[in-house]
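Here the structure comes first, spelled out in structure tokens, and everything after it is commentary.
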Amino acid sequence: MKLHFACRQSGGKMERCTNAELVDMHLAYGTADCNGRAAQRLYAQRYTRRQTPSHAFFARLHQRLSDSGSFIVDTQQRERRVRTPSNEETVLDMVQKNPGTSTRAVASHVGIFHMTVWGSCVLTACTPVTTSVCSHWTKTILLLVWYLEMRARDPRFPGAVLFTDLHPGGNVQFT
1 MKLHFACRQS
11 GGKMERCTNA
21 ELVDMHLAYG
31 TADCNGRAAQ
41 RLYAQRYTRR
51 QTPSHAFFAR
61 LHQRLSDSGS
71 FIVDTQQRER
81 RVRTPSNEET
91 VLDMVQKNPG
101 TSTRAVASHV
111 GIFHMTVWGS
121 CVLTACTPVT
131 TSVCSHWTKT
141 ILLLVWYLEM
151 RARDPRFPGA
161 VLFTDLHPGG
171 NVQFT
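First residue of the sequence shown? That's 1 in full-length UniProt numbering, and the numbers climb one at a time after it.
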């Protein structure tokens with residue numbers, strides 16, 4: 001049986017690595033005296049047919065092995081950020097009492113992640129400072145809805161509007 005583990009590759013996409021590949025990566029990191037860039041070069045030289053992970057991956061792999069004694073990522077110990085009814089009520093009460101408060105201030109008071117506060121506010125259409133600062137919030141939503149409708153009608157539409165910018169002189173610039 002061949003075990004596969006997720007490992008981040010230099011292209012940014014997730015690839016599957018075998019236990020043997022992870023061992024080879026860790027050995028390259030040790031051979032390179034815990035220098036990630038040197039380990040990356042060494043690994044690429046030794047294993048030309050394999051994807052080479054980013055230099056930072058070697059350090060994370062070593063740290064994971066040192067901390068847990070395993071290549072397997074322990075997701076059970078990660079803190080889950082879940083919106084609970086009591087947290088949502090507290091968030092909504094705070095924003096209702098002070099609409100100018102920021103999501104980070106609310107999050108700090110409630111003891112949750114600020115994006116959880118943001119999610120609660122977006123779902124209930126309340127306006128913390130993060131949304132009220134953007135006076136064009138509703139226009140942005142309307143633009144996104146329009147974009148999605150246009151993309152549904154014509155799959156080639158994104159290529160015509162994304163990553164282009166009109167120069168004041170009328171020339172199109174690609175960004």
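Yeah, the Cβ is synthetic: ideal placement off N, Cα and C, and Gly gets one too.
- When only Cα atoms are considered, E89 and Q96 end up about 10 Å apart.
- Straight-line spacing of the CA atoms in R50 and L42 works out to 12 Å.
- In summary, V117 is buried, with 16 or more beta-carbon neighbours lying within 10 Å of its beta-carbon over all protein chains present.
- Residue state for A32 is assigned as coil, using DSSP reduced to three classes.
- Assigned with DSSP and collapsed to three states, G159 falls in helix.
- In the three-state reduction of the DSSP assignment, S70 falls in the coil class.
- Closest by C-alpha distance to Q63, out of H26, G111, V161, G119, is H26.
- For P85, the closest C-alpha among the options S120, A56, R16, I72 is that of S120.
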